[in-house]
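In what follows, a structure is listed as structure tokens, so that the remarks can point back to it.
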Amino acid sequence: MTALLAFALLVRQDSPSALLARMQDAVKAGDKAAITALFDNQGESDYLFRMASRCGGLNNLKVAVFRSPKGWESTGKYWATFHAWQELEQDHDPIYRVQETASGLKLGPEIPESDCGGKVTSATVDVAIERDAGAVWVTSQLGFADAVPGRALLFRLNDNYSLTKGPGERYRATTLDESEVSSASLPDFRVGSLLALTATDRIGRVSCSYTAKLGTGARHSDDRDQVTSTYAYITSWWIPSLGRLPYTTSVKVAAPAGWIVRSEGRLEPFKATPKHSTLAMFKCDVPISYPKVIAGKYVLAAEGTANGKRLRSYQFAPVDKKRAEQDVETMKKAMVFYEANLGPWPFKGYECLDGKNYYGIESYSYTLLAPSITSWAVSHEMGHTYFGGVVPCPYVKDSWNEGLTEYVDSVLFLKDPKIPARGLDTMKFPMPLTEMPIPWEYEGATYYRGAYVMQMLDAEIGHDAVMQALRALIKDRVGKDTTWRDLRPYFEKSSGGDLAWFWKQWIEGGQFPHVSILSATTRSENGKWVTKVAIKQSGTDAPFRLRFAVRLKGTGEVEFPSQMTGPTETYEVTSDFKPDEVSVNPIPSALVKVDGPIKVSDTPSLAAMAFAS
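Numbered according to this note's numbering, the sequence shown spans residues 81 to 693.
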């Protein structure tokens, strides 16, 4: 082989086109090892595989390599992406830097979804539901801020939406061909779910129109957006998003005659024109991350009021009246509970709509739930009006709102006794709460560990301090992107203590101690029994600060609250009965693994010890 030919082969191997071909081959073959080999740091591929498992598998992914957007050249000349249709509040298409290495072009670190170049502040949206075509037409006008002139804004829009020419459209972004590398530097372009629009001379507003066919064809998710002859669900990445950050909305919907239509916020008076059969407009002054449109041939199944708020259940015919009335009764009780404990409800009421081929969604003035789960899930979704709605959670860095909502709903309102066991079970996932942005990942650990950690915080600082902090949080962080780390100052203020250690151990960490009883001996003293218990903790880099109860069992049973700060501690506990066994009960104040009970031994008498010696 001549040196010239070898050089030519090396150049082709290291070209962006060759990288794209390797990506295409690896995805088509579903070859996990080949995909991992594309990355300079193989750990960077971890999220991609988890995302693919929820989006139909590796074979369902599309790939692209393209010139980095205008103003982002410092991140590299080229970017690459893997993409698929993405579900509401779930995954995202990862976008990676393409970087030169000693072994050729490789995929580098991901461009964080939160690094999007700006922030949407408002959205004025027109939606036309085309029932016969199974399609939806949308025009979105987005106000934005914090953009850098000359630097592209990185929007995300589900890849089943195609940009079209629409009234007043200002951006006509080029849709890149995914089968070849585009080396031209384009100011505005679309590839996969990425919509890159340059903000130069256009700061303040973006307008774009697009359409999608949303019929109920083959789906890998039961929460897929749909337009059918009897209903429409438009929920997932259907408005261009900048980092999923919250914004106010004004949504106008044209739907078939006789359909009930809902979007977030209040229904505004609007005069319908002959062109449309049903026309509705909603305004939401509370900045939210996930506006949605729900419409269908719904029937009002039951209604009621609580604290002056109107509560309604909508179903499809035939109506299950008993379930509808139960749901409204649950909403009444939840409304009274939430307003008494968390503060004023931000809307005029709340509604629960049955879903068809749709499990459920978090929404803030209404919810959509499968009929099989309305009776237990509706109060949870109402809790999201505060946590996720008023105080937004974009599901980009973590999903703190799921844990807090599970706490106020399942622990405080429903008093579900199963939460502690479910929380303790999440220790099998060594992943911090601060790194759980996807709610159903790790078997829903963010719900149950989050709720259990709130019980632990309650045990640490007191219930009144916890509730005071939650009310302050709701009042202070309206429309502010919020994470677990943002919550800590509110609990520190209400309790007057430093909780850095608590956050480090239970929220920002994924290691959990193992607590073992080393020995337990008891002796009779002044008509009581004094039991000495030696306990050890292990399994973490340094000893944790722990709260738990030492439980004694014999002819009776008693628990003694205890604290631990070192690797070993010895406790003396007094009981009215002679204990037979001793155990550690971590509930509800410690997230630790514990051994089963051990037998209690008698302390030898002084005479016996003297004889033995």
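Backbone N, C-alpha and C define an ideal beta-carbon position, used for all residues, glycine too.
Helix, strand or coil at residue i according to DSSP, with G and I counted as helix
i, result
"Ala279", "coil"
"Lys372", "coil"
"Tyr444", "coil"
"Pro189", "strand"
"Gln179", "strand"
"Gly397", "The residue asked about is misnamed: residue 397 is Ala in this sequence, not Gly. Reduced to three states, the DSSP call for Ala397 is coil."
"Ile518", "coil"
"Ala600", "strand"
"Lys584", "helix"
"Leu389", "Position check: residue 389 holds Lys in this sequence, whereas Leu was assumed. If DSSP states are grouped into helix, strand and coil, Lys389 belongs with the strands."
"Leu433", "strand"
"Phe691", "Note that Phe691 scores 33 on pLDDT, short of 50, meaning its location in the model is unreliable; the coordinates nonetheless yield the value given after this. Three-state DSSP puts Phe691 in a helix."
"Tyr466", "coil"
"Gly230", "coil"
"Met511", "coil"
"Ala264", "coil"
C-beta atoms of residue i and residue j nearer than 8 Å
i, j, result
"Tyr370", "Thr201", "no"
"Thr315", "Val341", "no"
"Tyr475", "Pro517", "yes"
"Gly433", "Tyr522", "Here the sequence assigns Leu to residue 433, which means Gly is not the residue at that position. In this structure, Tyr522 does not lie closer than 8 Å to Leu433 by Cβ."
"Leu187", "Glu124", "yes"
"Ile441", "Ala335", "no"
"Leu185", "Asp111", "no"
"Gly483", "Gly530", "yes"
"Val178", "Pro96", "yes"
"Tyr446", "Gly469", "no"
"Gly435", "Leu448", "yes"
"Leu322", "Phe396", "no"
"Ile319", "Ala203", "yes"
"Arg403", "Thr465", "no"
"Leu513", "Asp561", "no"
Beta-carbon contacts of residue i that lie in its chain and below 8 Å, excluding the five residues immediately before and after
i, result
"Ala144", "Leu100, Ala160, Thr161, His163, Leu256, Glu258, Val271 and Gly272"
"Thr602", "Trp609, Val610, Thr611, Lys612, Lys658, Pro659, Val680, Ser681, Asp682 and Thr683"
"Gly542", "Ser575"
"Leu141", "Val107, Ala132, Cys135, Phe162, His163 and Ala164"
"Arg102", "Ala114 and Leu118"
Candidates the options, of which the one nearest residue i by Cα
i, options, result
"Lys495", "Asp505, Met516 and Ser459", "Ser459"
"Leu626", "Gln617, Pro229, Pro424 and Gly634", "Gln617"
"Met534", "Trp317, Met511 and Ser490", "Ser490"
"Thr650", "Val399, Val664 and Lys332", "Val664"
"Glu605", "Pro641, Gly636 and Val653", "Val653"
"Pro398", "Pro451, Arg390, Gly123 and Ile368", "Pro451"
"Phe592", "Val638, Glu540 and Thr620", "Thr620"
"Asn387", "Lys413, Lys401 and Arg631", "Lys413"
"Tyr127", "Tyr176, Ser220 and Glu588", "Tyr176"
"Tyr532", "Val672, Ala614 and Glu431", "Val672"
"Lys555", "Pro472, Pro497 and Pro512", "Pro472"
"Phe493", "Met511, Gly468 and Gly463", "Gly463"
"Ala670", "Pro189, Leu243, Glu661 and Ala539", "Ala539"
"Cys288", "Ala337, Gly636, Phe467 and Gln221", "Gln221"
"Ser642", "Thr635, Ala614, Lys372 and Glu260", "Ala614"
"Met511", "Tyr528, Glu588, Tyr439 and Lys498", "Glu588"
"Thr329", "Gly338, Asp268, Pro677 and Asp365", "Asp365"
Residue environment, residue i, which counts as buried when at least 16 other CB atoms sit within 10 Å
i, result
"Asn238", "buried"
"Leu537", "buried"
"Gln585", "buried"
"Glu180", "exposed"
"Arg285", "exposed"
"Ala688", "Below a pLDDT of 50, predicted positions are generally treated as unreliable, and Ala688, at 36, falls in that range; the measurement from the model is reported next regardless. Result: exposed."
"Phe129", "exposed"
"Trp581", "exposed"
"Val408", "buried"
"Pro192", "exposed"
Residues near residue i by beta carbon distance below 6 Å, same chain, minus five either side
i, result
"Asp675", "Ser596"
"Phe509", "Tyr522 and Ala525"
"Ala312", "Ile209 and Ala375"
"Val218", "Val207 and Tyr290"
"Arg631", "Glu639, Ser663 and Asn665"
"Leu266", "Thr254"
"Ala545", "Ser574 and Ser575"
"Gly559", "Pro326 and Pro367"
"Ala298", "Here the model assigns Ala298 a pLDDT of 46, short of 50, so the residue's position is not dependable, and the following value carries that caveat. Cβ within range, chain order: n/a, list empty."
Beta-carbon proximity list for residue i, same chain, < 7 Å, skipping 5 on both sides
i, result
"Arg551", "Leu422 and Gly423"
"Trp317", "Gln166, Arg236, Leu237, Asn238 and Ser273"
"Leu579", "Arg568, Phe571 and Glu572"
"Glu405", "Ala382"
"Leu294", "Gly214, Ala215, Val216, Asp305, Gln306 and Val307"
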